[in-house]
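Chains as they are written, first to last, in the working numbering: chain D, 1 to 141; chain E, 142 to 282.
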DNA sequence: ATGTATGCAAAACATTTGCACCTGG
DNA sequence: CCAGGTGCAAATGTTTTGCATACAT
């Protein structure tokens, strides 16, 4: 129950926060921009200001509930943090996003950071490419 | 001689372009934002508009002369492309940037993309952490 | 009640664009 | 000369902020 998640991180349980958390948890495509969330809320007749969405997402990020990704293309996207670290493969044509995890890559990153005397706080690996799905090739998107 | 680089990619040799290319090639810290370049030009008494810098950098990127990186923190940074691909390790405290290359990571990325049916066009790996330099620890920056 | 949260509008940024003027080949 | 380049100001798109009002506890 997400109410608990909110209380646990010290945030009051309010309607905007619950709705936004719900959308992030249930989205089919879990990588959403603030604007995406705004549109989804409008579609479900919820009147929540865009400014509130940005504020809430930033609070969620600080609280560790969501991750913010700065992929190419202007808008940041947010994704619920389910505790399983992963990186992303993004199709530059259709926008499809595939998550992946590679233990060897992770290990090598650690090795490199150690060698340079860095204590890792975060890292992001994003591979851009063209996927092979039919709909993408046809440009149907 | 950078005049040749410019001609080679089909750009007229103009003062702004030469100056910007020169700055990118000679900078001690080769990862510069458009604003950084603007400031450097101002310091050397060159009156070049910020809009021109953005236009020129975008042209350079298209021509393959420079790479644009979207690290965290709003501004994109540009780096001259010397043909040697590498990734970045960035200190979140003092901003220090270390470049690295790891053949195993590269190979693993290719393996993952292949497995998902993606043809890689680009990729970016950035590790954020805290470096161990004395000046950084002391917060002198 | 009271400290927080929200909504709105305005501000703040980074980046792009329109347009009149200038310049390199 | 003339296509292309530049400077300036204005436009854009995203994200943040100030402030008065509304809400959770």
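Even for Gly, the Cβ is constructed at its ideal location relative to N, Cα and C.
Is the distance from the Cβ of residue i to the Cβ of residue j below 8 Å?
| i | j | result |
| --- | --- | --- |
| residue 243 of chain E | residue 120 of chain D | no |
| residue 266 of chain E | residue 125 of chain D | yes |
| residue 271 of chain E | residue 232 of chain E | yes |
| residue 89 of chain D | residue 98 of chain D | yes |
| residue 246 of chain E | residue 105 of chain D | yes |
| residue 151 of chain E | residue 132 of chain D | no |
| residue 27 of chain D | residue 57 of chain D | no |
| residue 53 of chain D | residue 40 of chain D | no |
| residue 100 of chain D | residue 114 of chain D | no |
At which residues does the alpha helix (DSSP H) containing residue i begin and terminate?
| i | result |
| --- | --- |
| residue 219 of chain E | First-last for residue 219 of chain E: 218–221, but that is the beta strand (DSSP E), not the alpha helix (DSSP H). |
| residue 124 of chain D | It is not in any alpha helix (DSSP H) - residue 124 of chain D instead sits in the beta strand (DSSP E) that spans 119–130. |
| residue 197 of chain E | 191–204 |
| residue 277 of chain E | 275–278 |
| residue 166 of chain E | 156–167 |
| residue 145 of chain E | 143–149 |
| residue 42 of chain D | 34–43 |
Return the residue from the list the options that minimises the CA-CA distance to residue i.
| i | options | result |
| --- | --- | --- |
| residue 44 of chain D | D/117, D/122 and D/16 | D/16 |
| residue 268 of chain E | E/149, E/279, E/212 and E/170 | E/212 |
| residue 93 of chain D | D/2, D/73, D/69 and D/107 | D/73 |
| residue 136 of chain D | D/42, D/82 and D/95 | D/95 |
| residue 149 of chain E | E/171, E/170, E/279 and E/200 | E/200 |
| residue 2 of chain D | D/82, D/110 and D/138 | D/82 |
| residue 171 of chain E | E/183, E/210 and E/145 | E/210 |
Which word fits residue i, buried or exposed, when buried means at least 16 other C-beta atoms lie within 10 angstroms of its C-beta?
| i | result |
| --- | --- |
| residue 188 of chain E | exposed |
| residue 122 of chain D | exposed |
| residue 226 of chain E | exposed |
| residue 154 of chain E | exposed |
| residue 134 of chain D | exposed |
| residue 50 of chain D | exposed |
| residue 32 of chain D | buried |
| residue 249 of chain E | buried |
Any chance the CB of residue i is under 7 Å from a heavy atom of the ligand PLP?
| i | result |
| --- | --- |
| residue 43 of chain D | This structure simply doesn't include the ligand PLP, nor any ligand for that matter. |
So residue i is in the beta strand (DSSP E); what residue range does that whole segment cover?
| i | result |
| --- | --- |
| residue 209 of chain E | 207–210 |
| residue 228 of chain E | 228–232 |
| residue 104 of chain D | Residue 104 of chain D -> not in any beta strand (DSSP E); alpha helix (DSSP H) instead, spanning 103–115. |
| residue 240 of chain E | 238–241 |
Three CB pairs or more closer than 8 Å across the stretch 65–81 of chain D and the stretch 16–27 of chain D: At 8 Å Cβ cutoff, the stretches touch.
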